[in-house]
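Going line by line, the protein sequences match chains A and B. Heads up: the first sequence at position 157 corresponds to 157 in the working numbering, and the numbers run straight through without jumps. Heads up: the second sequence at position 97 corresponds to 1097 in the working numbering, and the numbers run straight through without jumps.
Number of protein chains: 2
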Amino acid sequence: MPDPMWRRIAEDLRQKIESGDLGKDGVPLPSEIELRDRYDASRNTIRDAVKWLTTRGMVVTRPGQGTFVRQSIDPFVTQLSSDVTGVQGGEGAAYASEVKAGKREPDASDPRIEIQRASGLVASELGLKHADTIVSRHQERFIDNTPWSLQTTFYPMRLIEQGATRLLQADTILPGAVQYIEETLSIKRAGRRDRFNIRTPDRRETEFFALPDDGRVAVVEVTQTLYDKSGNPFAVTVTTYPADRNQFVMTIGTAPPEPPGAA
Amino acid sequence: MPDPMWRRIAEDLRQKIESGDLGKDGVPLPSEIELRDRYDASRNTIRDAVKWLTTRGMVVTRPGQGTFVRQSIDPFVTQLSSDVTGVQGGEGAAYASEVKAGKREPDASDPRIEIQRASGLVASELGLKHADTIVSRHQERFIDNTPWSLQTTFYPMRLIEQGATRLLQADTILPGAVQYIEETLSIKRAGRRDRFNIRTPDRRETEFFALPDDGRVAVVEVTQTLYDKSGNPFAVTVTTYPADRNQFVMTIGTAPPEPPGAA
DNA sequence: CCGTATTTGTTCGTATGTATT
DNA sequence: CAATACATACGAACAAATACG
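Right, dumping it as structure tokens:
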């Protein structure tokens, strides 16, 4: 059984993109009409082929404009420290260490603060009863002005009652909200659990990251729970990254520094 | 602008699946023809809606049979130990610890051994020159008889020359190939680097995991490099998991044991 | 600012192929 | 072999986004 036509066309375009025959990053592909004529196929078949390329992140299509080559963007590399105190996503300058050394410029919006009732996942991670009160701080984070991640951290209300009132202020806490809690309430991080999930983006993520709206490009959701030395959780951070431009690295023990351009 | 029709239909089906109105796991959806009549749309529009559900892993479609509900399969949870010696993917019984405690039954094929020349990624991870000789051991791994992961480990040929000849035998090394190397050559793991990538499946993966062939469901590729105490790499393991049925957890420091059914 | 051309997105209808029962 | 279900492919029309004179 030969491959279907859309697939053969897709492979042909893939080869032409990888070899550079269709131009470098940012160059528009021929329009669907032109590809239809060139491959002697219907426009729908061409669209299936192009869709396959977008799923692979090799092209992006923009309504009204065209389809553009997207050659091997270097991925953002997020270092997941194996240290308990290692940042996975501080609010302030701290999280710069997540980004691979280089000229990448991280940036973040001011946090949006909400007072909510704990539901499902958050309640269970924080060891709270359903509908206990929590505070959430949500930020949009960028690298080089391109959308990089969405992050929300949830704290039990008791932290505020105990004096960490700064958590309610809608500006970035430097050098990091967790450090602020440590200093204010003498709570020390003694443990951490990171949970990785791959899933399709929701509407908010689709819009913010400018992903195709049929969920072809996945997001990585990292849920990090912090524990004090008695093993009680005191913060949960949920961060989502688009899967097509991120890589995660965890180094443990004695290992040489990151190789140059390792995949 | 209201959502397109395929999207509204998809949301409606999603709600009906989640609420159980369309039956539990394994129950067939109405056929495309019936859905076409029921929603007063064309069959193509119905297919767009169903495709969105398959991307989300909520249904599976099988040619000639139908489309079947796939309600919240419990994900396989892979523990990524933060310990240097922690297994991420031993060959033998060792990797059972990756699988969440329970009645899950891991199993693996006998390894397929190949002698190759190091290319790109493997050469750079192992610190070899391009075209140096390496040995690869490839396994298919299952949980409860369903395809779970594909794993290939690459070793530099010098390990065999130094006496680890068992690496060339095509059967499972118990309790693990790395442990065998440690014992035979007195090489100790002193460091580890795990690299996470999300990408679309290749043909082999699409077939083995029975994923849709247009790449809608991603795979997670974990590349683990092991270092001895001088910081020299001596093994690289590449494992791929289908993203729609796996979750990864890393625990560091003092943290309570895994909560019951945490997401 | 407006209208027009171009490009992708949505929706329809139809025909035929392939897999399964 | 026939019936049923999904997969592929074609052609057509209109909508929405964008670019440009």
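Glycine residues also receive a C-beta, built at the ideal position from the N, C-alpha and C atoms. Remember, it's a predicted structure, so these values are computed and weren't measured experimentally.
In the DSSP annotation of this structure, the continuous segment of the beta strand (DSSP E) that includes serine 1136 of chain B starts and ends at 1133-1143. For threonine 200 of chain A, the nearest CB of chain B lies under 8 Å from its own CB, placing it at the interface with that chain. Taking 8 Å as the upper bound for CB-CB distance, threonine 1225 of chain B and arginine 1193 of chain B are in contact here, some 5 Å apart.
Within the same chain, Ser1136, His1138 and Val1238 come within 6 Å of threonine 1152 of chain B by CB-CB distance, once the 5 residues on both sides are set aside. The residue among B:Ser1149, B:Gln1071 and B:Gln1079 with its C-alpha nearest the C-alpha of serine 1109 of chain B is B:Ser1149. In the three-state DSSP reduction, glycine 1064 of chain B falls in the coil class, being neither helix nor strand.
For alanine 235 of chain A, the enclosing beta strand (DSSP E) begins and ends at 233-242. Counting along the chain, isoleucine 1115 of chain B sits inside the beta strand (DSSP E) bounded by residues 1112-1117. Within the segment 1223-1252 of chain B, the residues whose Cβ lies closer than 7 Å to some Cβ of chain A are Tyr1227, Lys1229, Gly1231, Ala1243, Gln1247, Phe1248, Val1249, Met1250, Thr1251 and Ile1252, listed in chain order. Excluding sequence positions up to five before and after proline 1063 of chain B, its CB lies less than 6 Å from no other CB in the same chain.
Around glycine 215 of chain A, the same chain offers Thr200 as residues with beta carbons nearer than 6 Å, after the five sequence neighbours per side are excluded.
By the CB criterion at 8 Å, valine 59 of chain A and arginine 47 of chain A fall outside the cutoff. Annotation for glutamine 1247 of chain B: Pro1075 and Val1077 place their beta carbon closer than 6 Å to its own, counting only its chain and skipping 5 residues before and after. Asparagine 145 of chain A and valine 1222 of chain B have their alpha carbons spaced roughly 28 Å apart. With a 10 Å radius around the Cβ and a threshold of 16 neighbouring Cβ atoms, alanine 131 of chain A comes out exposed. Residue pairing by DSSP puts proline 1156 of chain B in a beta bridge opposite B:Ile1134. Scanning chain B for C-beta atoms nearer than 8 Å to the C-beta of threonine 55 of chain A yields Thr1200, Asp1214, Gly1215 and Arg1216, reported in chain order.
Per the coordinates, the alpha-carbon of glycine 1231 of chain B lies some 30 Å from the alpha-carbon of valine 1219 of chain B.
For threonine 184 of chain A, the enclosing alpha helix (DSSP H) covers residues 177-185.
In this structure, valine 1249 of chain B sits away from leucine 1126 of chain B, with a CB-CB distance that is not shorter than 8 Å. Boundaries of the beta strand (DSSP E) around isoleucine 1252 of chain B: 1246-1253.
Among the residues of chain A, those whose CB is under 7 Å from the CB of valine 1220 of chain B are Ile198, following chain order.
In the structure shown, the three-state DSSP call for leucine 1128 of chain B is coil.
Taking all protein chains shown into account, alanine 1210 of chain B has fewer than 16 neighbouring C-beta atoms within 10 Å of its C-beta and is therefore exposed. Under the three-state reduction of DSSP, glutamine 1162 of chain B is assigned to coil, being neither helix nor strand. In terms of CA proximity to tyrosine 1039 of chain B, B:Arg1007 leads the group B:Arg1007, B:Gly1253 and B:Phe1142.
The shortest CA-to-CA distance from phenylalanine 1142 of chain B to any of B:Phe1208, B:Leu1029, B:Pro1004 and B:Pro1233 is the one to B:Phe1208.
Between leucine 168 of chain A and isoleucine 113 of chain A, the gap from beta carbon to beta carbon is short of 8 Å. Taking the beta carbon of glycine 191 of chain A as reference, the chain B residues within 9 Å of it are Thr1251, Ile1252, Gly1253, Thr1254, Ala1255 and Pro1256, listed in sequence order. In this model, arginine 1036 of chain B and tryptophan 52 of chain A are separated by some 25 Å (Cα to Cα).
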